[in-house]
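Report on the structure given below.
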């Protein structure tokens, strides 16, 4: 007799983790989300700055803010978190 496997959907709501994307969405600005998407797309700071018509220093500030808000260790970790939690595609 096969044991019934418990899935995420069958767990009571009290046992499910809170969705992180809603929390992240509330904290990231539209521009920060745009910068995070460009990071995930593989662009370097200089390319992001050119694409958005901003200075390299401004892009660095956005990335620092994104990392702080997502509690990310680096830009790659931030992009991974953004993808994992549905903030970016």
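Residue numbers (this note's numbering): 2 to 90.
Think of the CB as a built atom: it goes at the ideal place given N, C-alpha and C, for glycine as much as any other residue.
Residue 38 and residue 83 have their alpha carbons spaced roughly 8 Å apart.
In the structure shown, residue 74 falls within a coil segment according to DSSP collapsed to helix, strand and coil. Taken atom to atom, the span from the alpha-carbon of residue 78 to that of residue 67 is near 11 Å. Counting the other Cβ atoms within 10 Å of the Cβ of residue 40 gives 16 or more, which makes it buried. If you draw a 10 Å sphere on the C-beta of residue 90, you find fewer than 16 other C-beta atoms in it, and that means exposed.
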